[in-house]
Amino acid sequence: MAQNNVNGFTVNAGQMKDTDGALRSDLLYTANAAGAKIYLRQTGISFCYYKNEEDTLLKDSAARFDMNFNSSSSQLQVVGEDILSNKSNFFIGSVAFPNVNEYGKVVYQNLWSNIDLVVSIDENGFNFSYNLKKGANPTDIKIDYVGTKSLNPNAKSTLVNLPFGNLLNVTNYSIKQLNPTKNKPTISSSINSSKLSQLSVGNYSSSSEYEISQAVVAPNAAPVPPPSTTNKWSTYYGGSLDDEVTDVYVHTDSSILVTGVTTSTNFPRSLLPYDNTYDGLGDIFVIKFNKNRERLFATFINGSDQDISSQIACNSLGEIYFVGNTKSSNYFILGSGSEYRRSRGANALGRPIGFITKMNANGSAITWSSYVNANEYIIMNGLAITSDNKVYVSGFREGIHGAESNATQTNGSAYHQSNASVVGKFPGYFSRFTSGHVQDWASYFGGTQNTFLSSCAVDQNNNFIILGTTTNTGSASCGVLTNGNLPICGATNAYKQFNNGGARDFIITKFNTNGIITWSTLYGGTGSENQENYFLPNSLTTDENGDIYVVGSTTGNIPGPSSYSGQTTYGGGLSDGILLRFGSVGNPKFATYIGGDNTDVATCVKTYPEYGYAVGGNTMSSNFPIFPRTDSYFDGSLGGSQDGFLSEYTVSNSKFLATYFGGTSNETLNTIGIGKNGTSIVMGGKTNSDDYDYEDPAGSLDYTDISANGLNDGFVADLFYYCGNICRTIGDEDRIASTFKMYPNPTNNLLTVDLGSLANNAQISIINYTGQLVLDQKIEAGISKKEFDCSNLSKGVYLVTLLNNNTTSSLKLIIQ
């Protein structure tokens, strides 16, 4: 079977002849893709398959499948574009056809009126892209299927059965508006008895421009990858009442865990859920999707009263943990032996109380579950799991009203604050459990004023970080204070603020693995941080270097933004979102406002390994500072009174995307998860828009609900993200210290690389912005300067990396 030739399309320069030696002038280009030899004709595209018979006396048998253009335009021209550097040479008998050109793509210009067709190939299949200009009519696109044994259309693709058993998947059409509005176009297709494919497009405007895509994929090929930073899958999720996704988590195998709360008795569950019965005034749900976004399970978790989950994660074994709060007196409690297991105390009856629950990886059973600090009103927001499967939880609780047993747990010299210094107030609280579910460290964290812990995280070395807001002030100490203040301490260059600048400030504290504070500070401006909002469990994260990222909101001026390249001034309205970044020892690195002239709140932040980070939140500002990136998902306008927003930054804090996310009514974005290698941004929240931007990818078996139900539906969205190496090269002095030079830069011709002290045993690589290696060359010994011809490189940003004796240095190259 023919393999994909990802080099491109070979033009017919006279080398294509029939068996009698006559020129086949009707064949314009040829390529190998989707397991076939493909021929491009004026009137269509032919896929030819060849089968070697076991009987050598018989000739090879062949099957041909055509996709013919029905009623094409008389103005059609077929043009090869993106000429490739490699050439082909042919010898037909004694006639030579040297230096035959190959092209990266072929364009059928004006195939139908105002419609161009661009065809291309990649490692998976053969791709169609219909470009609809203003005035085009999408119903003009008609394709005749010729030469098939049978056609089996389904919701995702059309299975083409060829005469001697070859199978092809022709994916269903997808449509993208190039100048997107809230009125999202829809597309469907049908194939009649004559095997003619026709389109039906909804919400179409002839004054806009569109791109319609389709692909032909061999069944054993991987799915055609989506383009960079696009909505590759998103879905409503809910029943007939009120549903909300509170957290998502992307595992290393690219599966997605989703949790939230529902009041819908008909909330969609899987066939064999752990719990199939709605019970109470609001139930927790847990859902798992695999890497193809097929639903593996969906289940209730509940008692007889209100139950709410805050955060979900899994350990290295794939076992699922989630934390939250319940008013149920009969919430599921399970444990044995020395496992931490608490029953609800009498003082806590009728009040919300925190819990931690563990399920097995396939969702079929709860394997451990307990209330946390069970005698009083308590809120559990934070959850973090270390690489050795220890589990941290954090939150806050009402002041002590009576005897409290087993509320705290000492652990050597670890920070340990008892209830004595926080009586009558709302202190923070955190606890650590071993992989065997034994509590080995727990402490209050507070002073004489309120301290609400909203989030926690662990870094690459399993250090523990907490984030909260407080009305306390600070004192210079790393230990428990007796004067009612919070500890403020750290290295000489760490950020240390002792007195809150407004009504409420952030408190950020880092503990080492022994529970000893290594850095702690208040952070605040002239207003309040996270005013009246204690529930931001995804507002703290770390990266692979131990940097700490904090998001939230402020009502006034904060210290820092004027020193950095972000948004340096308060946007207006009731609040602005804010983003803070500190180094691993607490040294300040970046601070910015995020917002327009109305209310804006940053709710969640996650980092991409090596490449950067993403911030999500909610905005009511019609002038939210959007930042379009031409090859990205982008929504440029506010719908309803509130939309979600997504902002993306490079490692060096340069913003490269900021977009609204929502339909024409209201959305709340609660959470972001980042997939393996940073290629997926998974977002979750709730929507009451009838036109939420769902995406049902063709050719896959994903779970997709395209209809809104009830007051609010939960939503899950998976944006494919590929930043390549550009995200860690733009101004990234912290991570890349280059000891070689190159010039001129920018260039469009020759580039000289001066190796300097790295001249011996050096190797130079050039990588484009999608991460593709375009050059990899060993430099001969004794050469200190090397010249490269860059005239064939496309315009854009590249990474030039020099490797010498396991030392790597990199510089950004701009091709004009």
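When you line the sequence shown up against the working numbering, it's residues 187 to 1002, in that order. Using N, Cα and C, we set each Cβ at its ideal position, and we do this for glycine too. Predicted model only: the values in this text are computed from it and were never measured.
Just the Cα atoms here: how many angstroms apart are residue i and residue j?
i, j, result
"V197", "M253", "20 Å"
"F697", "F582", "18 Å"
"S529", "I542", "12 Å"
"T463", "Q384", "44 Å"
"W554", "G521", "6 Å"
"D877", "N417", "15 Å"
"S232", "F251", "6 Å"
"D330", "A217", "21 Å"
"I858", "N546", "23 Å"
"V472", "G446", "7 Å"
"S1016", "F650", "Given a span of 187 to 1002 for the chain in the structure shown, any question on residue 1016 remains unanswerable."
"K370", "Q363", "8 Å"
"F813", "D786", "16 Å"
"L345", "G230", "19 Å"
"G676", "G633", "19 Å"
"L979", "K381", "43 Å"
"G822", "L843", "11 Å"
"Q261", "K862", "47 Å"
"T372", "C976", "42 Å"
"I269", "G194", "9 Å"
"K576", "L337", "53 Å"
"L722", "E480", "29 Å"
"T421", "G311", "26 Å"
"G468", "K223", "58 Å"
"G798", "S259", "47 Å"
"G670", "G660", "9 Å"
"T699", "N317", "56 Å"
"R618", "V624", "8 Å"
"Y435", "I860", "8 Å"
"L348", "V402", "14 Å"
Run the CB neighbour count on residue i, radius 10 Å, all protein chains shown included, and call it buried at 16 or more, exposed below.
i, result
"Y265", "Before going further, note that residue 265 is Val rather than Tyr in the sequence given. V265 should be labelled exposed."
"Q963", "exposed"
"K927", "exposed"
"F684", "exposed"
"D940", "exposed"
"Q201", "buried"
"T778", "buried"
"V509", "buried"
"N947", "exposed"
"K368", "buried"
"N355", "buried"
"L985", "buried"
"Q603", "buried"
"N559", "buried"
"T712", "exposed"
"E730", "exposed"
"D212", "exposed"
"Y929", "exposed"
Given a cut-off of 8 Å, decide if residue j and residue i are closer than it, judged by their beta-carbon atoms.
i, j, result
"N256", "K273", "no"
"I506", "L443", "yes"
"S640", "G654", "yes"
"S271", "G321", "no"
"T432", "S495", "yes"
"F810", "G782", "yes"
"L905", "Y846", "no"
"E973", "L999", "no"
"S556", "G568", "no"
"D491", "G466", "yes"
"T656", "T637", "yes"
"L303", "Y294", "yes"
"S807", "G759", "yes"
"V771", "A680", "yes"
So is residue i in contact with chain B if we call contact Cβ pairs under 8 Å?
i, result
"L639", "Among the chains in the structure shown there is no chain B, since it carries only a single protein chain."
Practice task
Mind the definition here: the region 741-748 touches the region 697-706 only if three or more C-beta pairs lie below 8 Å; say whether that holds.
Solution key: no
Problem - the region 332-343 / the region 425-444 touching (three or more Cβ pairs under 8 Å) - result: In short, these stretches do not touch, since the Cβ pair count stays below three.
Exercise for the section: Mind the definition here: the region 831-840 touches the region 386-405 only if three or more C-beta pairs lie below 8 Å; say whether that holds. Expected result: Taking 8 Å as the limit for Cβ pairs, the verdict is that the region 386-405 does not touch the region 831-840.
Practice task
Kindly provide the ranges of any beta strand (DSSP E) runs that are 3 or more residues long and lie completely inside the region 336-381, ordered along the chain.
Solution key: 336-339, 343-347, 353-357, 360-363 and 372-377
Exercise for the section: Report yes or no: do the region 860-869 and the region 788-795 share at least 3 C-beta pairs separated by less than 8 Å? Expected result: yes
Problem - Minimum length 3: unbroken beta strand (DSSP E) runs contained in the region 819-864 - result: 829-836, 841-847 and 853-860
Problem - Contained beta strand (DSSP E) runs [length at least 3] in the region 552-640, N- to C-terminal order - result: As far as the region 552-640 is concerned, its whole beta strand (DSSP E) runs of at least 3 residues are 552-557, 564-571, 577-583, 614-619 and 625-631.
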